[in-house]
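Student: Residue numbers (my numbering): 1 to 193. The C-beta atom is built at its ideal place from N, Cα and C for all residues, glycine as well. Note that the structure is a prediction, hence the values are computed from the model and not measured. Quick one: structure below, then a few questions.
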Ligand code: AMP
């Protein structure tokens, strides 16, 4: 595993544990020689992950759309900063340059990004592992929604299980490394529910 893409809040959140987890993940990836691909901002948990990885000698690649770059939100000390023309272009490049994805706590942007990567893995667009860093149970409600989708016939259990969840950054990295893509087809018929 050469690079992991991190999705995380452009705000830091209300709990110190979010910042602690973001910094621990950044440092751990750097120490293990695993590069980071992320949204390129200097603000929020995004900035915390990047700063911590850089302080520990890690390689951090930012991919930022021009309109956010122009707002001067970009991190100016990254190993590499790619400025792209749209959010779509950004997502495609982040996905291409990473071998796995981890979502830390965040808001709509973070949810949208990890859910799209889960969808691409489910459809076989790519076969890359996706993890939810479940700091203080932040992702428990989303995982409950996944259970509801399984119970109501919208999601296969095998696809629900694509969303790996761990509270501890080291345990998360180990799960991502050991993961194997499911073979289940996407579509369910009524007899299966
Ligand atoms: P949110 O969770 O809504 O704060 O959005 C964070 C996610 O959306 C990050 O993983 C980024 O990829 C993207 N994003 C949101 N705001 C910014 C920003 N100011 N600069 C760069 N990326 C951002």
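By a C-beta neighbour count over all protein chains shown, 10 Å radius and 16 as the cutoff for buried, is residue 128 buried or exposed?
Tutor: buried
Student: Bridge partners of residue 65, per DSSP?
Tutor: 84
Student: Regarding residue 68 and the ligand AMP, is the C-beta to nearest heavy atom distance less than 7 Å?
Tutor: The answer is yes for residue 68.
Student: How many Å lie between residue 77 and residue 180 at the Cα?
Tutor: 35 Å
Student: If you measure from each CB to the nearest heavy atom of the ligand AMP and keep those under 5 Å, what residues do you get, in chain order?
Tutor: 7, 9, 10, 39, 41, 68, 73, 106, 107, 108, 109 and 110
Student: Are there 16 or more other CB atoms within 10 angstroms of the CB of residue 52, so buried, or fewer, so exposed?
Tutor: buried
Student: Taking a contact to mean a Cβ-Cβ separation below 8 Å, would you say residue 62 touches residue 26 in this structure?
Tutor: no
Student: Report all residues from its chain with a CB closer than 8 Å to the CB of residue 161; omit the five preceding and five following residues, and keep chain order.
Tutor: These residues qualify, in order along the chain: 182.
Student: Where does the unbroken alpha helix (DSSP H) through residue 100 begin, and where does it stop?
Tutor: It is not in any alpha helix (DSSP H) - residue 100 instead sits in the beta strand (DSSP E) that spans 100 to 103.
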